[in-house]
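Structure record follows, encoded as structure tokens.
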Amino acid sequence: MRKAELLMAVVMGLFSIGLMWKSTELPIGWIPGSGPGGGAFPFWLAAGMLVCCIVILIRWFAGTSPFSKSKEIYMDDFAIKNFVLVAGALAVMIGLIHVVGVYVSVPLFLIYYIRFLGKHSWTIAGSLAVGTPIFTFFFFEIALKISLPKGYTEPAFYPLFDIFL
Amino acid sequence: METLDLLLNGFAISLQPINLAVTVAGVTVGLFIGAMPGLGSINGVAILLPVTFIVPPTSAIIFLAAIYYGAMYGGAISSVMLGIPGASTAVATTFDGRPMALKGKADYALIAAATASFVGGTISVILFTLFAPPLAEVALAFGPPEEFALMILAFATFIGLGGDDIPKTFFSIFIGLVMSAVGLDIVSGEPRLVFGDITGFFHGINFLVLAIGIYGIGEMLWVIETSKGKSVISEATVSFSRTLDALKLLTKTWKTMVMGSFLGYFVGILPAAGATPGSLMAYGVAKTVAKDPDSFGKGNINGVVAPEAANNAASTGSMLPMLTLGIPGSPTTAILLGGMVIWGLEPGPMLFVEHKDFVWGLIASLYSANLFALIINIMFIPVFIYVLKMPFTVLAPIIFILCIIGGYAPTQSMHDVWLMLIFGVVAYLMRKLDYPMAPAVLAIVLGPLAERSMRQTLIGSHGDMLIFFERPISGTLMFIAIALFLAPVYVILKNKYFPKKEAV
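Those sequence lines, one after another, are chains P and R.
Straight run, no breaks: the first sequence in numbering that gives the first Met the number 0 ends on number 164.
Straight run, no breaks: the second sequence in numbering that gives the first Met the number 0 ends on number 503.
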């Protein structure tokens, strides 16, 4: 916890400096006749973020905040394993959406999660992997007319649209 | 009498078939979401908001409000049956609800929770109906300085009353506001904070992307980590005669219900407070005024009634500032407010003038949502118990999919989906270090309004900051805000110079 607290404050502090620097692309001072410049609002807020990070760091070095003394582990092995398996899979799924679209990556993700992480039967995994995209298709594409990304699988949907739209 | 007419008209709207249908659907969905350990009203509203594009705006908001309501009822179910709060708002319900279940009185506890929720909900909706129109009338006179002062006050409540680490709360507010500034500058129209010239940043960061990131993906990661242990579900026997018996017992608790409702309602109005502290406070008061305080924590029915009346009342209370002032009273109403903006309904006092049908339809729907929630809750107790047995490893991936498709739908850009994943992961990592997340969500919703009102004011006053203090209403609001900002400093000084004597 100690290290995580320090690391988070440092990273967020650097991030706020980055934001402040980015805000200066627009005027951050007073523009006569039109009020504060466009960069002023984000600049001073990012400065506020930086101050918060500095306070957190001071307390860390002074040992006055609870986490600066905590001997607890930030993430134990169980947490790290789960985090990697779940967040990693999410990233892979979103990445795959660009290539093969929602209707291929979603079933893959469901099978991976339910069958392999959750260790449920193929019946449960399979029926959800088939049912979810069908429901999604009718709800979003047909009822809401929101086209979901399909990647290379786009042509496969033309006949379906001919029927339902 | 005008209010009554408007309310009757509202009932006519809320009882239209589509609105009635969405109320029932929303309440049912909310009950299930509330009953799931770890998921509460905010998760439900954030994840399902994109789904509501299918119905007209009024129905959409009625649906989301019904989810909010249902979740408040549902939270009690897992508090009683599993001993795990179904949502943070139902934490206090576990104190006596769980012991009751262990004594074989689970059905009594569930019926008590549902009835108390109904009483809390109904009393608070009546209070709402009485307070909203005059408050909106006062708010009509507000100009940009007052609007800005109100928002500062909203943020100040997080510092003074939020109870989280102060620098981390400030940080959360600031980062939410900065994210709201991404996109095109409202005055000059120039692009601002467009990182790496990625075109996706030009349309700004949608509040939903942050909300689903935090309350969908981040929350799920959190629940997966914290729910390692298997839980044991209590058995509940439900029968008609026992239900009648329980209701008879409840008539003796009416004082507690009324107390919880009033307390919850007024605490709920404050942006940082809301249903969780409201229900804890109601529990505390019920215990203090009881003749037998020792029986609390061991299965006293008053210990279930007080927090449940309060958390439903608080959810109505938090809608009061949202509809009348445009300032959300809770993170869930912050998302509702964001949704209203998407649908072109600018929240604030003008709603009561320009969109009377919408406002009164929504208010009337709260009355009916309450009634439906009570009926559905009591009728389907066995179903909810069955659902609680559903393994999380089946539920979690489905929620993830809903988050991703829901995050994509409003803007139809993959950029937002990636951003949502990043927010979710970062929120999860920060939450482990006790960074509060609710202020950031409130900030990203209020950010554009705050910046606009501040800049309008400063243009008018030629840069003179004192204008916020010179006008009577905004001055008063600002002074209350400053007092709240300074409250933690006062506590620190007091503890330093007048330390409490500790018992040896």
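Using N, Cα and C, we set each Cβ at its ideal position, and we do this for glycine too.
Worksheet item: When you compare only the Cα positions, how much space is there between residue 160 (chain P) and residue 153 (chain P)?
Response: Spanning the two alpha carbons is a distance of roughly 11 Å.
Worksheet item: Looking at the unbroken alpha helix (DSSP H) that takes in residue 14 (chain R), where does it start and where does it end?
Response: Element bounds for residue 14 (chain R): n/a, residue is neither H nor E.
Discussion item. Bridge partners for residue 182 (chain R) per DSSP, in chain order?
Written reply: R:191
Discussion item. Between residue 102 (chain P) and chain R, is any beta-carbon pair separated by less than 8 Å?
Written reply: no
Worksheet item: Would the segment 262–278 of chain R and the segment 151–169 of chain R be scored as touching if the rule is three or more Cβ pairs under 8 Å?
Response: Result yes; three or more Cβ-Cβ pairs closer than 8 Å.
Worksheet item: What residues from chain C crowd round residue 166 (chain R), counting only those whose CB sits closer than 7 Å?
Response: Absence of chain C from the displayed structure is noted, the protein chains being P and R.
Practice prompt. Inspect the CB distances between the segment 115–123 of chain P and the segment 0–17 of chain R and report whether three or more fall short of 8 Å.
Written response: The segment 115–123 of chain P, when compared against the segment 0–17 of chain R, does not touch it at the 8 Å Cβ threshold.
Worksheet item: Would you say residue 150 (chain P) and residue 97 (chain P) are within 8 Å of each other, going by their C-beta atoms?
Response: yes
Discussion item. Which of the three DSSP states is assigned to residue 29 (chain P) in this structure?
Written reply: strand
Fill in: Simplified DSSP state of residue 501 (chain R), which is helix, strand or coil
Unreliable positioning characterises residue 501 (chain R) in this predicted model, as indicated by a pLDDT of 47, which lies under 50. A coordinate reading is not provided.
Discussion item. Would residue 510 (chain R) and residue 26 (chain R) be called neighbours here (beta carbons separated by less than 8 Å)?
Written reply: In this structure chain R extends from 0 to 503, so residue 510 (chain R) is not present and cannot be described.
Worksheet item: How many Å lie between residue 149 (chain R) and residue 479 (chain R) at the Cα?
Response: 10 Å
Discussion item. Can you find the residues in the same chain that come closer than 8 Å, C-beta to C-beta, to residue 22 (chain R), ignoring five residues on each side of it along the sequence?
Written reply: 13, 61, 62, 65, 364, 367, 368 and 371
Fill in: Any alpha helix (DSSP H) of 4 or more consecutive residues that is wholly inside the segment 357–431 of chain R
380–387, 391–407 and 413–430
Fill in: From R:291, R:110 and R:102, residue whose alpha carbon lies closest to that of residue 76 (chain R)
For the residues R:291, R:110 and R:102, the minimum Cα distance to residue 76 (chain R) belongs to R:110.
Practice prompt. Alpha carbon to alpha carbon, how far is residue 461 (chain R) from residue 0 (chain P)? Give it in angstroms, no decimals.
Written response: 48 Å
Item to complete: Round the Cβ separation of residue 127 (chain R) and residue 318 (chain R) to the nearest angstrom and send it over; I've been treating them as touching at under 8 Å.
Response: 7 Å
Worksheet entry | contact_flag[the segment 163–175 of chain R, the segment 434–442 of chain R] where n(CB pairs < 8 Å) is 3 or more | yes
Worksheet item: Taking buried to mean at least 16 other C-beta atoms within 10 Å of its own C-beta, is residue 250 (chain R) buried or exposed?
Response: exposed
Practice prompt. Classify residue 276 (chain R) as helix, strand or coil using the three-state DSSP reduction.
Written response: helix
Worksheet item: Using the beta-carbon count (16 or more within 10 Å), is residue 205 (chain R) buried or exposed?
Response: buried
Worksheet item: Just to confirm, are residue 277 (chain R) and residue 266 (chain R) a CB contact at a threshold of 8 Å?
Response: yes
Worksheet item: In the structure shown, what three-state DSSP assignment does residue 306 (chain R) receive?
Response: helix
Practice prompt. Measure the CB-CB distance between residue 200 (chain R) and residue 192 (chain R) and report whether it falls below 8 Å.
Written response: yes
Worksheet item: Who are the neighbours of residue 417 (chain R) on chain P, taking C-beta pairs under 7 Å?
Response: 93
Worksheet item: Is the Cβ of residue 155 (chain P) closer than 8 Å to any Cβ of chain R?
Response: no
Discussion item. By the three-class DSSP mapping on this structure, what secondary structure does residue 34 (chain P) have?
Written reply: Strand, per DSSP.
Worksheet item: What separation, rounded to the nearest whole angstrom, lies between the Cα atoms of residue 44 (chain R) and residue 47 (chain P)?
Response: 30 Å
Worksheet entry | Test: residue 62 (chain P) CB closer than 8 Å to a CB of chain R | No, no contact with chain R.
Item to complete: Could you work out which residue in R:331, R:99, R:303 and R:354 is closest to residue 67 (chain R) when comparing CA atoms only?
Response: R:331
Worksheet entry | Assigned secondary structure, residue 228 (chain R) (DSSP; H/G/I helix, E/B strand, else coil) | Unreliable positioning characterises residue 228 (chain R) in this predicted model, as indicated by a pLDDT of 48, which lies under 50. The coordinate reading is nonetheless provided below. Residue 228 (chain R): coil per DSSP, three-state reduction.
Practice prompt. Kindly indicate which three-state DSSP category residue 69 (chain P) falls into: helix, strand or coil?
Written response: coil
Item to complete: Please check the pair residue 99 (chain R) and residue 298 (chain R), which I expect to be a contact at CB under 8 Å, by giving their CB distance rounded to whole angstroms.
Response: 4 Å
Fill in: Given residue 432 (chain R) as reference, the closest of R:93, R:147 and R:164 once Cα atoms are compared
R:164
Worksheet item: For residue 228 (chain R), does the count of other Cβ atoms within 10 angstroms reach 16, so buried, or fall short, so exposed?
Response: Note that residue 228 (chain R) scores a pLDDT of 48, beneath 50, so its modelled location is shaky; the value from the coordinates is reported in the next line. When all chains shown are included, residue 228 (chain R) counts as exposed.
Discussion item. So for residue 443 (chain R), helix, strand or coil by DSSP?
Written reply: helix
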